[in-house]
Structures are given as structure tokens and as C-alpha cells.
Amino acid sequence: MSDRYETDVLVVGSGPAGALIANLLVRRGVNVLLAEKGSDIERNFRGETIAARSVLTLRELGFGPKLASHGFVELEGISFWEKGKNIMSMDYRRFPIDALPIDIPQPAMIGAFNDSSAAYPNFKLLMGYQFTSLIEEGDAIKGARLEGPDGQILEVRSRLVIAADGRFSLVRKASGLKVKITPMERDFVWFKFPRPSGWAHESQLVVKKDRHLVILPTFPDLLRIGYNLPKKGFGDARKQGIAAFRDSISDLDPRLKDLVNQHIQSWNDTSFLEIFTAEVDQWSRDGLLLIGDASHTATPILGQGVNLALQDTIYFAPVIEEALKNSTGPLPSTALEPTANVRRAHKAMVTKFQRLQEANLAQSSALGTMMRRARMRLLNLNPAKYRLMDKVMNAPHNMPMEALHGRVA
Ligand SMILES: Cc1cc2nc3c(=O)[nH]c(=O)nc-3n(C[C@H](O)[C@H](O)[C@H](O)COP(=O)(O)OP(=O)(O)OC[C@H]3O[C@@H](n4cnc5c(N)ncnc54)[C@H](O)[C@@H]3O)c2cc1C
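1 is the number of the first residue of the sequence shown in UniProt numbering; add one for each residue after it.
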């Protein structure tokens, strides 16, 4: 490959957001170069839950058979446990939406997107290429420089650079767009082990004072478990040792004792996740757009990160296609920001809910935990809980259908 390349759109990062926006654009006849820094798309600890709205969207886009042939776990509900008692539960089958959330490893989903894109001559994928800097002329962005696997620099000229490079986005940093990072009070450690037979296909939150476990049934027959730690507390946990870590999990949920002892042998069996939210007031400059975690990192509560990332692409694909046709040179920010406003409202609603939940879960005093139990019990008795959760979990409810129809493969 020469050291210069020209395309309509350069997408940086082949996560859920980057791989799907690339696919939706190539279907629309746009020339796309997708650059991913990893040499493959394997990833073990990432968002694997796809919310029901995105499941419907992916079916509509024609990905249903591919995802089904890989296999996934359908999540039928959620329950909240304290002191060994189930104090709140919800059956997802009662939501007014024709799908359940599914759990599927990210490589399977991203692979489906990239395989579909590979059938189009206007698509090019570069694995092992990482973004290094933007090409700026005047106030506009006219492409980016990528470093290839052997250290070679590739200069890519494009009318739009899409930053889909995740929660620590370097493109966002290089763009100068302002980001507000708000750390949550706690961080997370993730681990996985085999799912006991008969374990319900539901997400469980197990709480003891200000400690909690999120237990998710994961494909093919695993449990994926997130355990909260005090902010920056991973260092302390490591100092206390893996045996103390195992004991604290078993203390929180005695059902897990044997599994934890058998499968968590070292810190290599765990993955640390720093929890913060990122909010960006402006997602674009002339010639540049941020999507997915690069524009709006969320917390793991209710597993909305992948949903937000996928829905960004649905909204932006037709807008980008139109703007490419109706302008010359770098895509104007004015064509992108109205859609960014719509997407920011979705993210803001999710973040508001997640902050309330985080405050609820962080209660440690006797009074605070008693009030939490009372709130959860009241919520459990209130049929309006389905309306409330549907609003957050199954958003957006007013999807632009033109994004889904037209050139569906
Ligand atoms: C441990 C963990 C557990 C999570 N659990 C959940 C969950 O249960 N449910 C949920 O919905 N969300 C969860 N999330 C969040 C979810 O994974 C993200 O919201 C989602 O993956 C965002 O998609 P994205 O495409 O925007 O970014 P990412 O998935 O982060 O993808 C970004 C891509 O860009 C690439 N990249 C980065 N820098 C560069 C560069 N300089 N040049 C080129 N490529 C680059 C990366 O290699 C990556 O492939 C979790 C995240 C983590 C880390």
C-alpha cells in the first residue's frame, strides 16, 4: 500500500460503533476506509449485552440470521437481591417491544458487520493501523495519519473522519473538542465462569450495603460478573491478595463460593474497568464526527453502552449520506450537530438514570440501605415500573425509519 490514500469517509476504530457506521455507509454507496488498531477484533471483557431496541434494529438490517447462526443468550428479566431475598424483579417479556435483550460476544457482532461490508467494493478495512494525528487545514479536518503494523505512516485524505475509537478516544483529544469526564464513586472488576445449570436467564443485582455484584448470563454458558470496588480500590484489592478478593465475593453471594474458588485463581482471571461518564457538548467539527463511547461514555448500569453506540450509527448514516451529496469538501459540522443533539438527549436520559441508580447502590449506612430496600419494594409493587424501565432500556422509541430501509442487504 502506498503512503497516501483517499476516501469519502475514514472511520477510526472497529468496535460496535465504527464497524456498523462503516457498514451502513458502504451500503449507501459511500467509499469508506475503516482503520482498527488491533490486529484482530478479539476482545474478552466488553459490553456483550445488546438492548432489545438494537436487537430489533439489527434484525431489520438483515443481521438476524448471522447472529442466530453464532448463537446468543436471551435475557428474560432482571432481579434485585439483598440478604438472600429477591426484593424487586421485572420480566422483560412484559415490555411493549418485539424482542428481548441478547448477550453475544462483541467479536461475533463486529465480525458480522465487517463480513457484510467486505462484500462491497467501496469498503476497505485496515487492521493493525492506529490513528496518530489529524490533518487540519484552516479550521477544517481533511483526514488523518495512521501508523501501520510496521511503523509506516499512512496519510488518509477524507471528507469526514469518524472517531469511533472508544472511551479513551485519541481522535477526540486531537480534535480539541471539549469533554467533561465525571468519575463515578466506584470502579468495577469483571470476571467470568461457567453458568450453573438451571441458572435463570436474567440479570441479577446482588447488594450488601455499598457493595454489589452484577451477574449476567453470558454466551455460551457462562456468567459474566461485575464487582464494584471503591474508586481506585483495585490497587488495595491486589495488595490484600486474590484469596481475600474471592472471600469478599463469596460473602456477598454465597451461591458463588465454589465457582469463585475454582475459577478465580489469579488477577489474570479478572479485568478492571474504571467507571466514568464522558459528556461532549459538540460532537463535530467541519470534517469530523465523534460517535459511540468517544462521544458519550456511559456506566455499565443496564448495559446501554452498545445500544447507544449502535443507535448513533442508525441516526447518522442517512445524514452523512445526504451531506456528502449536498456539499463539497469537508462535511460541515452544521449538517451533523442537529443529529448530535438528538443523540445527546438519549445519552443524557440514560446517564441521569444511571447516576440515580449509582447513588442508590452506593448507600452504606443502616438508614440509607433501609430506605433503598423500601424504595425497591415499593417499585416492585408498582405496575408503572414497566413504563419507567421501558423508557430507559428500550430507547429510542422514535427511530428514523429511513435509516433502516432503502438499501438493506
Ligand atoms: C469491561 C467492560 C464491560 C462492559 N460491559 C458492558 C455491558 O455489559 N453492556 C454494554 O452495553 N456496555 C458495556 N461496556 C461498554 C461497551 O463495551 C461500550 O459502550 C461499547 O463497546 C462502545 O462501542 P464503541 O464502538 O463506541 O467503542 P469500543 O467498543 O471501545 O471500540 C473502539 C475501537 O477503537 C479501537 N481503537 C482505539 N484507539 C484506536 C486508535 N488510536 N486507532 C485505531 N483504532 C483504535 C479499539 O481497538 C476498538 O476496537 C463495557 C465495557 C467494558 C470495557
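For each residue, glycine too, the CB sits at the ideal point set by N, CA and C.
- For secondary structure counted as the alpha helix (DSSP H) over 4 or more consecutive residues, the region 124 to 190 holds these complete runs in sequence order: 170 to 175.
- Counting only runs that start and end inside the region 234 to 274, the beta strand (DSSP E) elements of at least 3 residues fall at 270 to 273.
- Assigned with DSSP and collapsed to three states, G84 falls in coil, not helix or strand.
- Distances between the C-beta of Q130 and the heavy atoms of ligand 1 include at least one below 7 Å.
- Bounds of the beta strand (DSSP E) holding T218 are 211 to 218.
- Around R246, the same chain offers V260, N261, I264 as residues with beta carbons nearer than 7 Å, after the five sequence neighbours per side are excluded.
- Going by beta carbons, V171 and F131 fall inside the 8 Å limit.
- In the DSSP secondary-structure assignment, R224 is bridged to K192, L216.
- Within the same chain, and ignoring the five residues on either side of A298 in sequence, the residues whose Cβ sits closer than 8 Å to its Cβ are T277, Q304, G305, L308, K347, V350, T351, Q354.
- Taking all protein chains in view, the Cβ of D150 is surrounded by fewer than 16 other Cβ atoms within 10 Å, so the residue is classified as exposed.
- In this structure, the straight-line span from the alpha carbon of F219 to that of S327 is close to 45 Å.
- In the structure shown, R94 falls within a helical segment according to DSSP collapsed to helix, strand and coil.
- Using a Cβ distance threshold of 8 Å, D281 and R159 do not count as a contacting pair.
- Judged by their CB atoms, R211 and L252 are nearer to each other than the 8 Å cut-off.
- Residue pairing by DSSP places F276 opposite P183 in a beta bridge.
- Between the alpha carbons of L310 and G62 lies a distance of about 14 Å.
- Residue range 4 to 6 is occupied by the beta strand (DSSP E) that includes R4.
- The beta-bridge partner set that DSSP reports for P230 consists of R186.
- Ranked by how close their Cα comes to the Cα of K231, the residues D221, V207, D187 have D187 in first place.
- Its chain contains no residue whose beta carbon lies nearer than 7 Å to that of N341 once the 5 sequence neighbours on both sides are disregarded.
- Annotated three-state conformation of T57 is helix, per DSSP.
- DSSP places A35 in no alpha helix (DSSP H) but in the uninterrupted beta strand (DSSP E) bounded by 32 to 36.
- Distance from the C-beta of S14 to the nearest heavy atom of ligand 1 is below 7 Å.
- Relative to F316, the option among G329, I301, R344, L302 whose CA is nearest is R344.
- Secondary-structure assignment with DSSP links K208 through a beta bridge to R211.
- Residue range 288 to 290 is occupied by the beta strand (DSSP E) that includes L289.
- The C-beta distance from Y227 to V189 rounds to 5 Å, short enough to fall under 8 Å.
- When secondary structure is reduced to three states using DSSP, L10 falls in the strand class.
- Residue range 333 to 361 is occupied by the alpha helix (DSSP H) that includes E337.
- Closest in alpha carbon position to F234, among N23, P194, I275, V207, is I275.
- Here N114 is buried: its Cβ has 16 or more other Cβ atoms, across all protein chains shown, within 10 Å.
- Here K385 has M90, L379 as same chain residues with Cβ atoms under 7 Å from its own Cβ, once five neighbours each way along the sequence are excluded.
- Burial is judged here by how many other beta carbons sit within 10 angstroms of a residue's own beta carbon; Q106 has at least 16 and is buried.
- The beta carbon of K37 lies closer than 6 Å to those of Q130 in the same chain, with the five residues before and after it left out.
- In the three-state reduction of the DSSP assignment, E321 falls in the helix class, which pools H, G and I.
- Separation of P318 and A17 (C-alpha to C-alpha, rounded to the nearest whole angstrom) is 15 Å.
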